[in-house]
Each structure stands twice: as structure tokens, then as C-alpha cells.
Amino acid sequence: MNPIKSVGEKLANKGFELKTLRAAGVVGGLGPAALPVAASALIRGGATPATAIRIAAVKHGDRVFLEDESGSLTFSEVHRRSNALARAFAGLGIGPGDGLAVMCRNHRGFVEANLAGWKLGATVILLNTMFSGPQLADVIEREEAKLVVLDQEFEDLLAGVPDSVDRVCAWQNDPEPSGLPGVEDLIAANEDGDLPWPSQKGRNIILTSGTTGTPKGAQRPAPSGLSVMVGMFERIPHREGETMVMAAPLFHSWGYLNSVIGTSVGARLVLQRRFDPAQSMELVDEYEADALVAVPVMLQRIMELDPEVSDRFRADKLKIVTLSGSALPGGLATAWMDRYGDNIYNFYGSTEVAMGSIATPEDLRIDPSTAGRPPYGTSMRLVDERGDEVPRGETGRIFIRNEMVFDGYTGGGNKESLDGFVSSGDIGHFDEHGLLFIDGRDDEMIVSGGENVFPAEVEDLISGHEEVVEAAVIGVEDQKFGQALRAYVVLRKEDALGENEVRAYVKANLASYKAPRDVVFLPELPRNATGKILKRSLG
């Protein structure tokens, strides 16, 4: 490699990063007194949430940062409160590398507990609010958590957790007071000045999806640079001082990532403890929100509201609707944009690989089922069974590389990797426009009569029928063909379609061997907290 060219490319990349971050409002706007504080924070703290809030407190001060059911908090208030909370956690034995578990809905307690953990260099474990008691006990033991910060409603689920693990109540929803120490009391009892930087940077553990069994913990280090953030801002037009309605759960990597993005751009985060489709849109209008952070099933629920409810929504300031967590049905994307404008940005990634690609409204207008294109800072390879890259248009296994790829599972094991590229677990292809399409999970391929079928293609077709809300397809045993397809279908109106009509619709649009042998109609599909369909619960 030509070293001069290499240096030139590096300088060009840094210039692009700086320009992108300046346009988003992440850098710039700091006065002479604040600039040294921000520079010191970045150098000593790295690109972490603790650094982001320290800079935001200096830069934005009295600007409102959090809105929840308890009221408003400014950037300075959240910074000081999380300092005090960090001191309280340190008094409970939390230090660098120690496990701090958070099991909270979307409210200030989640945000402040997470920031306090990062300020101490702790390992912050984000617990799914749909976990069962045995799952909680298994995860807390495996991750060696010393402290659990939780909402009062989850207290009984910790019956199987040893008493040696401390508990702190972040949100009380029962008139009867919790017997646990409360976050507000801990904040009031401790000094709120800046803490020294910890001896090591903190990290997150984000748990893989699942409501049965013990989910795997994906170790997510602090990013080594800013390229992933730049990639987000390159494709999604977040701007300084915007308002974001956070409908997606913060414990999920998508909601969590957007909370960090919001902190970095000085955004006002409107937190919704429990998702309600009408309330989400009411918050969008009440706060004149610029952005809505959600998962696809949330948009589906909004679009299903009765006209007498939905007709009053304006959403006239809404320029960004960011989605991730599960597949986005093409029909949903088109219906939403036709109604609320071209504002959907669909993010494809996973707990293990973080960011894969982003589909902009322009991409979705070309084809509403696309996953978009890999952004700046993310590289992608599509390979065959031998590990050789496949030509454009051909299906291959998806491998991704960026600075946020996980460090492996906490219980041991890792995802398959090729030269630093980590498997997403999906297969897909690029079309002639360079757009990525996800064809299915690499372990979901159904071989029926010698033909390979990926459920995603059939699901997307059935879901696009005007009488269908959504569909899921799985493989089942078949004596004649080895495997056959079974489709689970949710209709808009009962008895609007029959089994034969669904099969005929598939045969009219796809190869006949992709038509389901069985069609089962359900009132709804089983989902986890982020809207991902739980196929193991079907069949």
C-alpha cells in the first residue's frame, strides 16, 4: 500500500467524520471555557455515555434532557444526579469491572443508573423486562451482578436471586412503599460533584432475544472511535436540540443506542414507560417531536388504530422515524410514509454485530422491503459455504465488521468470524442498486422436495395482501417432501381469507413449491418485548 495515499485517506476520513459530527451538532458550539473540559473528557473517558453526559452538561446546561411521568430534568441535573448515584453505588461495592444489572422500563431511573455505572467503569447488564424469575436468577448469577437496579413491579421476580446481591428501587408504582433503598433517596444522600475517571472503561452486556431459556449475554465494549456514530448521522439526519419520543425499550440495543445518540446531540428524550400506540402519537404532537424511536410492530399498532383516534394525529414536525429490532414489512413502510411522510429510517443489525445497514426513505421508495446500505464505518461481506464472496444478485451469508462488534458471549462461545467480519446469522443479497435484502436466517432455510425456501420471502408476500396484518412461516415435517411450509396468518377481519386463497395467492406470485401446505389463522403472533416474532412458540 502506498503510505502517502494511506495517510491521505486517513486524513480524508477524519475530515468527513468531523464534518458529519459538526452538522449533527455533536461537535462545535463550545465556548473557550467549555472546550478544554470536553477535550479532556474525550481523551480520558473515551467515546462512552459517561463522556457524552459530561460534555452535554457543559454544552447544554439548563436545556431539558429527560421528560418522563415524574417531570423534566436538564442535562446538568442528570449529570449531577448520576454523579451522586455513582457514589451511592460505589458505597454498595460497585467499582471497575463489577456487574450492575438494570431492570427498568423507560424512565429517568434507567438512564441515571446506566450513566452511574459507566462513571464507575462498571459492567452494566441490561435486563429484559419480560424475563421470568428463573431467567433473571440465571443471568444475574452468570454475569456476577453485585447490584440490581429495578422497578418495584419486578421485585417479586428476584425471589430466586441470593440476598447477597443488593437491590435498589428505581421506580415505585405501588402505594405501599418498597422495602428497598430508592434511587431518589440515594441521590439526595450523596455529593453530586464530578467523579475521577475510573481506572478502566465500563462496558455493556446486552442480552440476546428470548423469553424461554437463559439468553446469552453479548459483551459490548466502549467504541474505539466515532465511526459508528458518524455512520448513523451520515444516513439519519439527527440534529442538535431535537426532540425524540422513545417508544422502543431502553434495555434493547436499539432503544439504548438511540438514547446515547440523543445525549450526544443534546436532544430532549421523551420517555414512555409502557408503549401505547395512541399515547406515542399524542406525545409526538404534544412535544412537537422531530423523531420517533420504535420497533416495526409499534408502527403496525399505530396504523391499526380506529380512524376516530388516529385522525387527530398531526405529526407535522416528525422528520425521523427510526426502526429496528425485527423485520419491517414492506407494506407497512409504504402505508406509513403515504400517511405521515417519507420519514422512515430502518436499521438492520443485531446484538452481536451492532450496525449492518440503514434504509433511508429514498431506499424504501425504491423497494420497501430493502434493508438499505452499509453506512460509513461498517463493512459487509456476503459469502458462500466456502467463505468466498458471492457476486451481486446472489444470496450469501452476511458477515459484518465495525468498531461495535461484540467481544463474544459472556458464558463462552462466539459468532463465526472471517478476517474480523462477524456473522449476523442472516443470509441476503445485494440488488443492482446496491441495496441489501435479507432473505432469511441462515438456520431457517427449509428444504422442500429438494428446493431451498427461505421463509422471509413468503412471509413478506403474504403480509403484503390487503386482508393480512402479518404472517410467519416455518418448516414442518412432511413424509413426501421432507419438509413443508406452514404459514401462520393474522387477518384484518375474521374469515376474510381461507386457506386455499392464501395458497393461491402465493402460487400466483412465487414458485409453486413456496406455497404453504398448511395455513393457520391466529388472532396475533407471539412476540418478545421488541416485537420480534417467536417462531419457536409456533408449530
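Counted the way our numbering counts, the sequence shown spans residues 4 to 542.
Cβ coordinates follow ideal geometry from the N, Cα and C atoms, glycine included.
Remember, it's a predicted structure, so these values are computed and weren't measured experimentally.
Note that the stretch 493 to 505 does not touch the stretch 448 to 460; fewer than 3 beta-carbon pairs, one per stretch, sit closer than 8 angstroms. Judged by DSSP secondary structure, E187 falls outside any beta strand (DSSP E) and instead within the alpha helix (DSSP H) spanning 186 to 191.
If you draw a 10 Å sphere on the C-beta of E497, you find fewer than 16 other C-beta atoms in it, and that means exposed.
Looking at the backbone, the Cα of V186 and that of R489 are separated by about 49 angstroms. As summarised for the stretch 473 to 536, the continuous beta strand (DSSP E) elements at least 3 residues long and confined to that stretch are 485 to 494, 521 to 524, given in chain order. For G431, the uninterrupted beta strand (DSSP E) run begins and ends at 424 to 433, by DSSP.
Using a Cβ distance threshold of 9 angstroms, M306 and V356 do not count as a contacting pair. In this structure the stretch 261 to 275 lies against the stretch 98 to 116, because at least three pairs of beta carbons, one per stretch, are closer than 8 angstroms.
Just measuring C-alpha positions, the residue of E20, S75, W200 sitting nearest V231 is E20. Spanning the alpha carbons of E158 and W257 requires a straight line of approximately 25 angstroms.
With a 10 Å radius around the Cβ and a threshold of 16 neighbouring Cβ atoms, R395 comes out exposed. For G415, the secondary structure class from DSSP, reduced to helix, strand or coil, is coil.
When beta bridges are read from the DSSP output, G74 appears opposite D71.
DSSP, read as helix, strand or coil, puts A50 in coil.
When DSSP assignments are scanned along the stretch 343 to 372, the uninterrupted stretches of alpha helix (DSSP H) that are 4 or more residues long and fall wholly within it turn out to be 364 to 369. Taken in chain order, the complete beta strand (DSSP E) segments of 3 residues or longer contained in the stretch 144 to 214 are 148 to 154, 169 to 174, 206 to 210.
Note on geometry: alpha-carbon atoms of H241 and F350 lie some 14 angstroms from one another. Scanning its chain for C-beta atoms nearer than 8 angstroms, with the 5 sequence neighbours on each side dropped, one finds around K483 the residues G452, in chain order. The beta carbon of P364 sits closer than 8 angstroms to those of M340, D345, N346, I347, Y348, all from its chain and outside the five residues before and after it, given in chain order. Counting only runs of at least 4 residues, the stretch 68 to 142 fully encloses the following alpha helix (DSSP H) elements, listed from N- to C-terminal order: 78 to 94, 111 to 122.
If the five residues before and after G333 are omitted, its C-beta is found closer than 7 angstroms to the C-beta atoms of P371, S372, D463, G467, all from its own chain and listed in chain order.
Per the Cβ contact rule, the stretch 187 to 207 is in contact with the stretch 75 to 95 (3 or more Cβ pairs under 8 angstroms). Taking C-beta atoms as the reference points, Q203 and P52 fail to come closer than 9 angstroms.
Sorting T126, A55, I209, F524 by C-alpha distance to the C-alpha of A499 places F524 at the top. Here S327 is buried. Its C-beta has 16 or more other C-beta atoms within 10 Å. Residue pairing for Q282: DSSP places it in no beta bridge. With at least 16 other beta carbons inside 10 angstroms of its own, N207 counts as buried.
DSSP places A55 in the helix class (H, G or I) of the three-state scheme. In the DSSP assignment, D463 falls within the unbroken alpha helix (DSSP H) covering 458 to 466.
Secondary structure at N405: coil, using DSSP grouped into helix, strand and coil. When the Cα atoms are used, S313 and Y343 turn out to be separated by approximately 11 angstroms. Annotation: the continuous alpha helix (DSSP H) that includes I305 extends over 299 to 306.
Minimum Cα-Cα distance from L421 among the listed residues G411, G428, G390, D429 corresponds to G390.
By the neighbour-count criterion, in which a residue is buried when 16 or more other Cβ atoms sit within 10 angstroms of its Cβ, V450 is exposed.
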